[in-house]
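Taken in sequence, the protein lines are chains A and B.
First residue of the first sequence? That's 55 in this note's numbering, and the numbers climb one at a time after it.
First residue of the second sequence? That's 1233 in this note's numbering, and the numbers climb one at a time after it.
We put the CB at the ideal spot given by N, CA and C, even for glycine.
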Amino acid sequence: MSGRSRCGRRLGVVLLSLAVAHGLRAQAVDFGTDVQPILQDACLRCHRGEYTDDQGRVRRPKGGLRLDGRAWIEKGGKNGRVIVPGNAGQSPLYARTVLPADDDDRMPASGDPLSPAQTAVLKRWLDSGASFGAWVGAAGPEPVAASETPAEPTAHNQRSLDLARIAAGLAPPPAAALTRAADGKALLTPLWHGSPLLRVEFTGHEDQVTDADVASLAPLFAHIAVLVLARTEVSDAVCAHIARMRRLVRLDLRETHVTDAGLARVGALPELRALNLFGTDVSDGSVRALQALPRLDELRVWQTKLTSGAIAKLQQARPNLDLVAAPALPAAATEASPTRGRRRGK
Amino acid sequence: MHRYDLFANADPLTRRGFLAGTARRLLGVAAVPSLSRLAAAASAQDPGDGPIALLPATARNVIYLFMRGGMSHLDTFDPKPGAKTQGPVEAIATAADGVQLSQHFPLLARQMHRAAVVCSMQSTQGAHQQAQYLMRTSYSLRGTIQHPSLGAWVNRLAGRINSTLPGHVLVGGGNDMPTAGFFPPQFLPLPVGDAETGLKNSQRAPGVDEQTFGRRLERLQAMNDAFEQRYGQRRVKAYAEVYRDAVRLMNSADLVAFDLGLETGDMRAAYGDDDFGQGCLLARRLVEHGVRYVEVVSNGWDTHNQNFDTLSEKCPPVDRALAALLADLDARGLLAETLVVVATEFGRSPDITKDNNGRNHYPKAFSALLAGGGVRGGVRYGQTDAEGREVVDSPVSVPDLNATIAYALGLPLDHKLHSPSGRPFTVADKGRPVLGLFA
């Protein structure tokens, strides 16, 4: 008895689920008959092509969003896309209709909120792939030219042009080499989006970085434009690798073991603009190597062994070189300066 | 039950996954934006999420110095000698032709060839909380959403440089300070209350050796694993990430970045023996070690009463710290890629209150200062009228200033990230960068 009734219940469940599945299929959402009328009633007053209303005011689509044509709906508004086919939750067209009533972002911004039945239709339409069927609606936007006008010409853009010249003709860095490098200790970033030129740095685990780590980047040498070796354990030998980085623009060797012997190996890097030798043992023996860098315009030599005589000579030979040998720090306060908070102990 | 376990196995945060992830991070390659940008570089494809900045970044790090309370523009960076609104404070010449500062900044004056003053700042907010919120986030304060601060944006879009140190540190801020907004909690700034004491609770407790600590962590991880697998939501993962960050930080060789005791007495004295000066010195140390965004707060600029007496005490420590910071960063070769910003939430009224010799809130015109990170030095940008009342040339809105910072960092200004309710936001709202500031 009980066995039969359980059986019957199971049968009932199967039948019910079949009925539900069938019902759902029967309710597949058609944009033209199910969705468009909702948009028409609730959205198009604000989100349609420019028009003149009853009071003679010109109304433009709010938020740059038009919902009166397929191409417009697919394009979205000023804030981006409004439909993500297959995902109602990620689609503002649905998600913003079901926000709490006090949320600034809830749509429609004025007038009655959508009924649960209406939001359910939007959700089902989006979740099921957001097909428009045969519906087209208002003609879509003209295709816009891909590139915006560039920013007003400034020296900054001149610098960019300079880098663009250095990058010209250079293929993107080989993907395999990038992947291998990413498994090592280096952090690699392209100088800008899509740039073949790379910035390479080892910040965070400098004490484990040796010449070998730089050597292992050999397939990428042609792409390295900025190299930060600050505080790493590299030696003079690393300079032989650096000499092969013909597009190097910035080199940071601060607080490394690099000496005159290393700098002598760097040679005349054709594009090098900035060189940081702060806190190295580089001395007057490097003056020739420094003078051999044709484009050098920024040099830092604080806490090196370069003498003031050699520094003056360098500056004289290159009057435009931005050369700093020591900071002009403010002298310690003489009179009791007004201070707040705890003081250091004796 | 089996079904759930199968599902759990699909979660990437298994212990092995955790170890692999940690290893990747320690090796410095887990900064997602870098990798994705690398992939984009390799394939030279557009990410399809709107155009991305096509210009190379000029800055790598930011030191953001915030004068909290509303710094008087007339008495600091935009003096109007001879005007009846000027009061007793005089103007002095600087190392840059055509740029004057108030008499309170004699040390900074010698460094002005490195800095640009923006005299045409304008805010839409005249109350502290709202104005500070706008400065930090570029958006208006609202009840329904919390916007991420600029520091959080910077780290979200550009990633960390040093994988073992936090990407965003706040020195001397209060509880109302910048937040991660709707970003996951790992984008919260690490607060350092007092530069002098450095980072609190970053050592193992006494009596806990490395092995014991490791065992405890493993146990914690084992307990959390089950929880994380069952509730693999974003927030749960984010909190686990915060713990991992903390442990990484404890073990980091770069923890010394927080230790001002490693600086010479002369260097510490040059920055000034006060909270703000030592905070700036800490900021320099953090930038040296690859922290991307450091904010140092100076309190007490809300000079409704006794404006002139207060400022003659407030300004000298800032003058000294700023002068030392610019010179020190420059000699270390760090200024070229570090953008130093001095900002405040609004200016103060040109009219001096008669009864208490003060100045009131004034969002219509105020000043900011930028140096390094590709910004042209020795420049005054924008202008106020003869009495410092109205911006008469090249107004710069608060979002414009933030857009300028983001632009220097090479961040995509139009890249949208979505709040949980699906609303799109950008790093500086609709701000436009002030291109004229860049060298």
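Query raised in the report: If we count Cβ pairs, one from each stretch, closer than 8 Å, do we get three or more for the segment 1525 to 1532 of chain B versus the segment 1394 to 1405 of chain B?
Result: yes
Requested in this report: With DSSP collapsed to three states, give me the class of B/Gly1493.
Outcome: Sequence index remark: in the second sequence, residue 1493 of chain B carries index 261 (1-based). Correct three-state label for B/Gly1493: helix.
**Report entry** Integer Cβ distance of B/Asn1394 from A/Gly258, believed to fall under 8 Å
**Finding:** Position 162 of the second sequence holds residue 1394 of chain B. Position 204 of the first sequence holds residue 258 of chain A. That pair is a contact at about 4 Å.
Query raised in the report: In chain order, what residues of the segment 104 to 137 of chain A put their CB closer than 7 Å to some CB of chain B?
Result: Asn133, Gly134
Query - Cutoff 7 Å: B/Ile1212 Cβ touching any chain A Cβ - result: The structure shown does not extend to residue 1212 of chain B, since chain B spans only 1233 to 1671, so no value can be given for it.
Query raised in the report: Does B/Asn1387 come within less than 7 Å of chain A when only Cβ atoms are used?
Result: Position 155 of the second sequence, counting from 1, holds the residue named residue 1387 of chain B. Chain A contact via Cβ: absent.
**Report entry** Below-7 Å beta-carbon distance, A/Thr264 vs any chain B residue
**Finding:** By one-based count along the first sequence, residue 264 of chain A stands at place 210. It does not: the Cβ of A/Thr264 has no partner Cβ on chain B nearer than 7 Å.
Query raised in the report: Are the C-beta of A/Ala382 and some C-beta of chain B separated by less than 7 Å?
Result: Position 328 of the first sequence, counted from the first residue, corresponds to residue 382 of chain A. Closer than 7 Å to some Cβ of chain B, the Cβ of A/Ala382 qualifies, so yes.
Query raised in the report: Going along the chain, which unbroken runs of the beta strand (DSSP E) with 3 or more residues stay wholly within the segment 306 to 378 of chain A?
Result: 328 to 330, 352 to 354, 376 to 378
Query raised in the report: So the alpha helix (DSSP H) B/Thr1542 belongs to, where does it begin and stop?
Result: Position 310 of the second sequence, counted from the start, is the residue given in the question as residue 1542 of chain B. Run containing B/Thr1542: 1539 to 1563, per the alpha helix (DSSP H) assignment.
Query raised in the report: Do you know offhand how far A/Gln90's Cα is from A/Gln172's?
Result: Counting from 1 along the first sequence, the entry for residue 90 of chain A is found at position 36. Counting from 1 along the first sequence, the entry for residue 172 of chain A is found at position 118. So the two alpha carbons sit approximately 11 Å from each other.
Query raised in the report: What residues in the segment 344 to 357 of chain A have a beta carbon less than 7 Å from any beta carbon of chain B?
Result: Glu352, Arg354, Trp356
**Report entry** In DSSP terms, what B/Phe1657 is bridged to
**Finding:** Taking the second sequence and counting its residues from 1, one reaches residue 1657 of chain B at position 425. According to DSSP, which records beta bridges pairwise, B/Phe1657 is partnered with B/Leu1649.
Query raised in the report: Can A/Arg304 and A/Ala269 be called in contact, C-beta distance under 7 Å?
Result: Start at 1 with the first residue of the first sequence, and residue 304 of chain A comes out as number 250. Start at 1 with the first residue of the first sequence, and residue 269 of chain A comes out as number 215. Not in contact: A/Arg304 and A/Ala269 (Cβ atoms no closer than 7 Å).
Requested in this report: Please compile the residues from chain B whose C-beta is within a distance smaller than 7 Å of the C-beta of A/Val292.
Outcome: Translated into positions along the first sequence, residue 292 of chain A becomes position 238. Ordered by position in chain B, no residue passes the 7 Å Cβ test against A/Val292, which lies about 18 Å from the chain.
Report task. Check whether the segment 1299 to 1318 of chain B touches the segment 1532 to 1551 of chain B, taking contact to mean three or more Cβ pairs, one atom from each stretch, closer than 8 Å. Result -> yes
Requested in this report: Could you work out which residues of chain B lie near A/Val336, taking near to mean beta carbons separated by less than 7 Å?
Outcome: For the purposes of this step, residue 336 of chain A is identified with residue 282 of the first sequence, where counting begins at 1. Those do not exist, as A/Val336 stays about 13 Å from chain B at its closest Cβ, beyond 7 Å.
Query - Residues of the segment 1373 to 1400 of chain B whose Cβ lies closer than 9 Å to any Cβ of chain A, in chain order - result: Arg1374, Gly1375, Thr1376, Ile1377, Ala1390, Gly1391, Arg1392, Ile1393, Asn1394, Ser1395, Thr1396, Leu1397
Query raised in the report: Nearest-angstrom Cα distance between B/Lys1197 and B/Gly1620?
Result: In the structure as shown, chain B begins at 1233 and stops at 1671. Residue 1197 of chain B is therefore absent and cannot be evaluated.
Query - At least 3 beta-carbon pairs within less than 8 Å: the segment 1379 to 1387 of chain B vs the segment 1489 to 1507 of chain B - result: no
Requested in this report: Step through the CB atoms of chain A and report whether any lies within less than 7 Å of the CB of B/Pro1320.
Outcome: For this step, residue 1320 of chain B is matched to residue 88 along the second sequence. No - not a single Cβ of chain A is within 7 Å of the one on B/Pro1320.
Query raised in the report: Grouping DSSP H, G and I as helix and E and B as strand, with all else coil, what is B/Cys1351?
Result: Sequence index remark: in the second sequence, residue 1351 of chain B carries index 119 (1-based). If DSSP states are grouped into helix, strand and coil, B/Cys1351 belongs with the strands.
Query raised in the report: Taking the continuous alpha helix (DSSP H) assigned at A/Tyr148, which residues delimit it?
Result: Sequence index remark: in the first sequence, residue 148 of chain A carries index 94 (1-based). Unbroken alpha helix (DSSP H) run through A/Tyr148: 146 to 149.
Query raised in the report: Where does B/Thr1585 land, buried or exposed, given buried means 16+ other C-beta within 10 angstroms?
Result: Here residue 1585 of chain B refers to the residue found at position 353 of the second sequence. Exposed: under 16 other Cβ atoms inside 10 Å.
Report task. Would you verify that the beta carbon of A/Asp88 is, or is not, closer than 7 Å to some beta carbon of chain B? Result -> Within the first sequence, numbered from 1, the residue matching residue 88 of chain A stands at position 34. By this cut-off, A/Asp88 is not an interface position.
Query raised in the report: Using a C-beta cutoff of 7 Å, does A/Leu153 count as contacting chain B?
Result: Taking the first sequence and counting its residues from 1, one reaches residue 153 of chain A at position 99. Taking Cβ atoms only, chain B reaches closer than 7 Å to A/Leu153, which makes this a yes.
Query raised in the report: Can we say the segment 1545 to 1556 of chain B touches the segment 1337 to 1352 of chain B, given the rule of at least three CB pairs closer than 8 Å?
Result: yes
Report task. Take B/Leu1667 as the anchor and find which of B/Val1294, B/Phe1657, B/Ile1637 has the nearest alpha-carbon. Result -> Your numbering for residue 1667 of chain B matches position 435 in the second sequence. When each option's Cα is compared against that of B/Leu1667, the closest is B/Ile1637.
**Report entry** Rounded straight-line distance, which links the Cα of B/Glu1545 to that of A/Ala142
**Finding:** Taking the first sequence and counting its residues from 1, the one referred to as residue 142 of chain A is at position 88. Taking the second sequence and counting its residues from 1, the one referred to as residue 1545 of chain B is at position 313. If you take the alpha carbons of A/Ala142 and B/Glu1545, they lie about 58 Å apart.
Query - Spatial neighbours of A/Ala343 in its chain, beta-carbon cut-off 6 Å, leaving aside the 5 residues before and after - result: Here residue 343 of chain A corresponds to residue number 289 of the first sequence, with the count starting at 1. Cβ neighbours of A/Ala343 beyond the five flanking positions: Leu317, Ala318.
Requested in this report: For A/Ala386, go through chain B and note every residue whose CB falls closer than 8 Å to its CB, in chain order.
Outcome: Against the first sequence, residue 386 of chain A aligns to sequence position 332. Those within 8 Å of A/Ala386 in chain B are Asp1498, Ala1501, Ala1502.
Requested in this report: Kindly list, in the order they appear in chain A, the residues whose Cβ is closer than 8 Å to that of B/Lys1648.
Outcome: For the purposes of this step, residue 1648 of chain B is taken as the residue at position 416 of the second sequence. By Cβ distance, chain A contributes Asn133, Gly134.
Query raised in the report: For B/Ile1584, which of helix, strand or coil comes out of DSSP?
Result: The sequence position of residue 1584 of chain B within the second sequence is 352, counting from 1. Coil at B/Ile1584, not helix or strand.
**Report entry** A/Ala382, DSSP secondary structure in three states
**Finding:** To locate residue 382 of chain A, count along the first sequence from 1; it is residue 328. Of the three classes helix, strand and coil, the one that applies to A/Ala382 here is coil, per DSSP.
Query raised in the report: At a cut-off of 6 Å, is A/His247 close to the ligand SAM when judged by its beta-carbon and the heavy atoms of the ligand?
Result: Absent from the structure shown: the ligand SAM. Ligands present: none.
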